[in-house]
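Below is one structure, written out as structure tokens, with a few remarks after it.
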Amino acid sequence: MSAEATQWGAIPVSTQDISDVRERCRQMVRRKAMMAAGVSALPIPGIDVVSDLSMFAKLVDDVNTSFGLTPEQIDRLQPSHKLIAYKAAVGIGGMLVGKIVSRELLLGVFKRMGMRSAAKSATKFVPIAGSIAAAGIGFAVFRHLGYKHVEACANVARELSGSQPAPAPAM
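With the numbering used here as the guide, the letters of the sequence shown map in order to residues 6 to 176.
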């Protein structure tokens, strides 16, 4: 499957396609986590939370699109495949797979990581070293949540690939 096909939301079918999309998404997570770390280093309490929420919402949308798992893309699947996609997402705890991401939904996800976020906010009050620590914590939390979402999408794609017919050989 070409990169263009996955950008337009076709669900990757082969193990290699899923692996390729997974790796591209993990690279995207790392880039966004670095940006989140940069914002976390700013000594302004609260700005990192707003930034993290908006960046993570965009990341989730981009990852869902890359795997062909946005709500619109899932709605275009055959009914049996839709059921498999949603069952797989629920079964693996992929609560952001195939969902429209709202601020409230993301706040819930980030609250689960509350202890790290509280530590990140508290470190802002310590000059220089606190900003460095906040950036490190911000990077780790963002990357962890991003990787979890990528893996959830990859697992849903694997489940769906087992239900889809193999592509016809090229002539």
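Virtual Cβ for every residue (Gly too), placed ideally from N, Cα, C.
- The three-state reading of DSSP puts Q83 in coil, since its state is none of H, G, I, E or B.
- Of the candidates V146, Q21, A159, A159 places its Cα closest to the Cα of T70.
- G167 counts as exposed, since fewer than 16 other beta carbons sit within 10 angstroms of its beta carbon.
- The three-state reading of DSSP puts I49 in coil, since its state is none of H, G, I, E or B.
- T20 counts as exposed, since fewer than 16 other C-beta atoms from the protein chains shown sit within 10 angstroms of its C-beta.
- Between L64 and A90, the C-beta gap is not smaller than 8 Å, which leaves the two residues out of contact.
- For R27, the closest C-alpha among the options V161, E164, E156, L165 is that of E156.
- Exposure of D80 is indicated by the presence of fewer than 16 other C-beta atoms within 10 angstroms of its C-beta.
- Only residues of its own chain outside the window of five on either side were considered, and among them D53, S56 have a CB closer than 6 Å to the CB of V44, listed in chain order.
- By the Cβ neighbour-count rule, K92 is exposed, with fewer than 16 other Cβ atoms within 10 Å of its own.
- Collapsing the DSSP output to three states places G151 in a helix.
- Between E77 and the set S85, A15, I137, R148, the nearest pair of CA atoms involves A15.
- Apart from sequence neighbours up to five positions away, the residues of its chain that approach L82 with a beta-carbon distance below 7 Å are A90, ordered along the chain.
- Of the other Cβ atoms in all chains shown, 16 or more fall within 10 Å of the Cβ of I142; this residue is therefore buried.
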